[in-house]
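Protein chains in written order, with this note's numbering: chain A, 13 to 119; chain B, 18 to 830.
All C-beta atoms, glycine included, are put in the ideal place defined by N, C-alpha and C.
What follows is one structure encoded as structure tokens, with my remarks underneath.
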Amino acid sequence: MLKLAENPFYVLGLAPDASRIEIEREAQKLLGMLELGFEAARTYATPLGPRPRTPEAVRAAVAQLRDPYQRLLAELWARHAPASLDTAPAEEPAPPSDLRRALGWRP
Amino acid sequence: MAETPLYVGIDLGTTNSAAAVFDGERVSVVRNAQGATVTPSVVRIDKQGRVTVGTRARRFLEQDPSNTAGEFKRLMGTDKALEFPAAGIKKKPEELSAEVLKALRQDITDQLGVPIERAVISVPALFELPQSAATSEAARLAGFSRVELLQEPIASALAAGWRAEDDAKGTWLVFDLGGGTFDASLLETRDGLLRVVGHDGDNFLGGRDFDWAITEHLASLLPVVPSRSNVHHTGALRALRLAAEDAKIELSRGERAQVALAQPLVIDDQEVEVDLELTRATVERLCAPLVDRALDVCVRLLTSNGLGPGRLARIVLVGGPTVMPFVRQRVAARLEAPLAEGHDPMTLVAQGAALYAATAGLDGRAAQQAPTTGRQVWLQYPAVSSDLTPHVVGKFVGAEPPAKVKLVRADGGWSSPEAPVAEDGTFLTTVTLLPRRACTFQIEATTGNGTRVEVSPPALTIVQGLTIGDPPLSRTLGVALANGHVQVYLERGAPLPARRTFTHHTVETVAKGSKESVLRIPIVQGEMTAAHLCRLVGTLDIGGDAVKDTVPTGSPVEVTIELDRGGRLSARALVPSIEQVFEHVAHLLVPDAAPEALDSALRDLRRQLMELRTDAFRHGLTQVIEKLDRIEARLSEAERDIDAAHGGDADAAQRARRALLDVDATMAEADLARKWPELDAAARQAAITASSTVGFHGTDAERTLLQDVLAAMDKARKDKDAPELERQMRLAHRLSSAAFNRTPEAWEWYFEEAASEMSKARDLPRAQKLVKEGKAAALRGDTEELRRVVKALWQLLPDDSEARKRGFDSGVR
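This is the structure:
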């Protein structure tokens, strides 16, 4: 749930004000379409361009939206999403180097 | 398959089992050959090898205890085989469970008149993965071709909610006191959707404890007192316990009961006549502390979800012991909420399992060879829908599909508009359901010129009613790495079924043909980042005798972990370099519980406890001291069980083993709490670092998210919740890593770090070459190349062996 492109509203192709029933209905439809290999269900639109849609992603999206707190977060996010991220972020100064060491940066 | 499907649910209990069938509108409980709705989970094998199950077998528990087995569910997942000396055979717990399932399957078949091959079987919420695997195996042995597992509290909630019509709104509690375990689940229904809000429980509390409390009381009244730790007293105690059980049931109605045995007990070569009286008040006095323990769990669950007493809409009682009037009164009084009436606490779980089978679309009938007349169509629709207007998605098989499709409800009250069929055969439409009914729809397909086309299947059925969200994963699941850390695959709360794939790299060579060279991928469950604090639940081994070709160090391995709805684990490792897939997960048995091993584990834990306690007192950590007091109490209980284990009680041994495991985990938590100041400081540092990096280099979304993580860290710090704080730190760290990796000099910095450790590399010449290439790339400012070099270098650097041991000898990084 770290990625903007994985916002559950994008995954389900719904507006942030969708009702609970609408969410369930749409998810059930998408899962069915994916199972039967509908071309239209295979990708979803995000501000970062189209992304592949998987049954796991759909189920995870519904689960997230069922939780009132997570849904609120997703709503905020979907609303504040930038229209496009094509423009490169402006150059910014680097953080002080000791900070990197603080947590052992090697992933 | 013109008739409506039949959905089967089975409650495979510790003391009793039950089955139920749902036909789309009504749930009915299956009766066995004796006409009863519950079948005791007892199996007897006589000297001809004949197997008896249920009530008839239970009668022999007293007369012929050595050839009659009960409560084997508690041993599921262990390799402890039970002996039947008369027939001279041994049976594993799953084989005995299979006998019970076979009997139930026969009862269902008798009642329905059709053979049953698929069902939903309920398992306790706190079942470990090996226990779930053993349950699936039992079903397979009993002749089921497919089963899904469902957590018991979800089953009871579903059954209670299904009947509840409109007054089901709000939050409610399922209080499930079974034979051996206690589960409390908090649920919420809204818009016809059931959601599990929270769960808590006690794996060591159940009706058996009631029976033992009464038995020990009765024993103390005898002139010669039998002891649980004495092997020679086992028979006498068993007889006494069966009498206690009967008396307890009698006292659900009457005020007093007689406990008299037809034959005198023989204790230490003395004949002891048993003729005692038991009053309801005595039983209540003996059992009240046990009920209160269950209620403490409930209060803890309510508090952690921000609910005070009196805020519950209702309480659903499940399990045999909840039939006792004083239990009902005590629960209602303490939690200040009404009890849901009209449910059978003995069969509610089976009913819920049957309802769930419908939700999962698991028709119980044996697959019939459907005569394929007409155009074949694949359909996707919810078998149960809370939504009154669900979608139906379909696809015609083969070229030149019909042009239009219409769905007509069988009652004739509704039909869909004609939906166009696309060139690839796909179509999409919605149907309108009748509330709380099973609706069948005929599929009418027509060609472009209006000719009717026969379709196979000709119809579909959808049930309108309560549905349940995907069950959440109860504990975080991941892979232990060679550096002793855990790569998290699925976080706690992830909806099941779930699947996740990550690429790891091997840290040693697997030589083709060498039996000794085995690469181990340990799968662990738990909330800690350190692997040794998590539980090992399975391993995936890549053995030298299995590989097609030698797999050199540093080779990528793509590991996929998958969990089905019932929490059943499967894992797969793909080694791209040799194009080979390994999928055999060695399911760990629940470890052996030899009394001697338990003794030494107990000693060890007591010593640790002493150390922690001294330390906690020295630093005045009241919270830690409280925790340790609870551990102390648990250890004393475990000690009693270990005593009984020395007396030959395998079940008590398992209980003790699990209690010790539990204590071990709680102790780790207490230890974490002791290190709180250290952790707190690390959290502050992590917060500063993350704010700075994400602030400078993060995207808007990352910034928003970091705010959230920081808030959660704050809360965890306030609550002094060490595991949660660790989890949030992990998130903060990941966020800042993501932001930092985006900066151009990130890889330069990683390169310098890796290059400084070059002398430790496994392949020094190669490392030197890489460092040279890296320096050149850094000069050119070629980030891509630098990234490649750094990653190659990391693979050459060793993990220290201590860490690897803590990571369950993991062979991947």
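Rounded straight-line distance, which links the Cα of residue j to that of residue i
i               : j               : result
L626 of chain B : M684 of chain B : 8 Å
P147 of chain B : F21 of chain A  : 37 Å
P94 of chain A  : A52 of chain A  : In this prediction, P94 of chain A scores a pLDDT of 41, lower than 50, which makes its location untrustworthy; no coordinate-derived value is stated.
P740 of chain B : D286 of chain B : 55 Å
A618 of chain B : R672 of chain B : 14 Å
D646 of chain B : R620 of chain B : 17 Å
S321 of chain B : S202 of chain B : 12 Å
W431 of chain B : P452 of chain B : 14 Å
R426 of chain B : F458 of chain B : 4 Å
A50 of chain B  : R67 of chain B  : 17 Å
A809 of chain B : E769 of chain B : 14 Å
L372 of chain B : N33 of chain B  : 20 Å
R64 of chain A  : Q76 of chain A  : Arg is not the amino acid found at residue 64 of chain A; the sequence shown has Pro there. Using only the alpha carbons, I get a separation of about 19 Å.
A305 of chain B : S653 of chain B : 19 Å
P22 of chain B  : K41 of chain A  : 22 Å
T390 of chain B : E461 of chain B : 14 Å
V348 of chain B : A311 of chain B : 9 Å
S58 of chain B  : V47 of chain B  : 15 Å
E294 of chain B : F227 of chain B : 17 Å
G197 of chain B : E643 of chain B : 26 Å
A482 of chain B : D40 of chain B  : The displayed chain sequence assigns Gly, not Ala, to residue 482 of chain B. If I take the Cα positions, the gap works out to 13 Å.
P102 of chain B : T72 of chain B  : 21 Å
E765 of chain B : L210 of chain B : 52 Å
L26 of chain A  : E440 of chain B : 27 Å
A17 of chain A  : T58 of chain A  : 6 Å
E656 of chain B : E165 of chain B : 37 Å
Q65 of chain B  : I106 of chain B : 11 Å
S96 of chain A  : L60 of chain A  : Reliability fails at S96 of chain A, whose pLDDT of 38 lies under 50, so the model's placement of it is uncertain and no value is given.
R61 of chain B  : M545 of chain B : 44 Å
Interface partners of residue i on chain B, CB under 9 Å
i              : result
G25 of chain A : None at all; the shortest Cβ gap to chain B is about 13 Å.
Chain-ordered neighbours of residue i on chain A, where CB pairs are closer than 8 Å
i               : result
R720 of chain B : Residues of chain A passing the Cβ test: none, with the nearest at roughly 10 Å.
G486 of chain B : V74, A75 and R78
K109 of chain B : Here the premise fails: no neighbours, minimum Cβ distance about 35 Å.
Rounded distance between the beta-carbons of residue j and residue i, thought under 8 Å
i               : j               : result
L445 of chain B : A436 of chain B : 7 Å
P399 of chain B : P407 of chain B : 5 Å
H663 of chain B : P612 of chain B : 5 Å
V574 of chain B : V592 of chain B : 5 Å
S246 of chain B : A661 of chain B : 6 Å
Those residues which DSSP pairs with residue i across a bridge
i               : result
A476 of chain B : B:Q459
V59 of chain B  : B:G87
E575 of chain B : B:T520 and B:L591
L211 of chain B : B:T206 and B:I485
D725 of chain B : According to DSSP, D725 of chain B bridges with nothing at all.
G187 of chain B : B:T206
K64 of chain B  : None, per the DSSP bridge assignment.
D217 of chain B : B:A201
G26 of chain B  : B:A37 and B:V137
G378 of chain B : BP columns for G378 of chain B are empty, so no partner.
F444 of chain B : B:G411
Y56 of chain A  : A:R63
A502 of chain B : Before going on, a small fix: residue 502 of chain B reads as His here, not Ala. Answer by DSSP bridge pairing, in chain order: B:A547.
Contact list for residue i against chain A, beta-carbon separation under 9 Å
i               : result
D725 of chain B : L85
Partners in chain A for residue i, counting only beta-carbon separations shorter than 7 Å
i               : result
V574 of chain B : Those do not exist, as V574 of chain B stays about 17 Å from chain A at its closest Cβ, beyond 7 Å.
K412 of chain B : L48
Closer than 6 Å: residue i CB and nearest the ligand FMN heavy atom
i               : result
V472 of chain B : For the structure depicted, the ligand FMN is absent and the ligand set is empty, with no information on it obtainable.
Practice task
Output, in sequence order along the chain, the residues in the region 54 to 87 of chain A whose CB is closer than 7 Å to any CB in chain B.
Solution key: If the cut-off is 7 Å between Cβ atoms, the region 54 to 87 of chain A has E68, R71, A72, A75, R78 and L85 near chain B.
Practice task
Using a Cβ-Cβ cut-off of less than 9 Å, give me the residues of the region 388 to 407 of chain B that come near chain A, in sequence order.
Solution key: When CB distances to chain A are screened at a threshold of 9 Å, the residues of the region 388 to 407 of chain B falling below it are W395, L396, Q397, Y398, P399, S402, S403, D404, L405, T406 and P407, in chain order.
Exercise for the section: With 9 Å as the C-beta to C-beta threshold (strictly closer), list the residues of the region 509 to 528 of chain B near chain A in chain order. Expected result: Among the residues of the region 509 to 528 of chain B, those with a Cβ less than 9 Å away from any Cβ of chain A are G510, A511, P512, L513, P514, A515, R516 and R517, in the order of the chain.
Practice task
Would you list, in chain order, the members of the region 198 to 223 of chain B that have their beta-carbon closer than 9 Å to a beta-carbon of chain A?
Solution key: Listed by position, the residues of the region 198 to 223 of chain B near chain A (Cβ gap below 9 Å) are R207, D208, G209, L210 and R212.
Practice task
Taking only beta carbons into account, state which residues of the region 32 to 49 of chain A come closer than 8 Å to chain B, listed in chain order.
Solution key: Flagged, chain order: R32, I33, E36, R37, Q40, K41, L43, G44, M45, E47, L48 and G49.
Problem - Under 8 Å (Cβ pairs) to chain A, residues found in the region 427 to 458 of chain B - result: Answer set for the region 427 to 458 of chain B: D441, T443 and L445.
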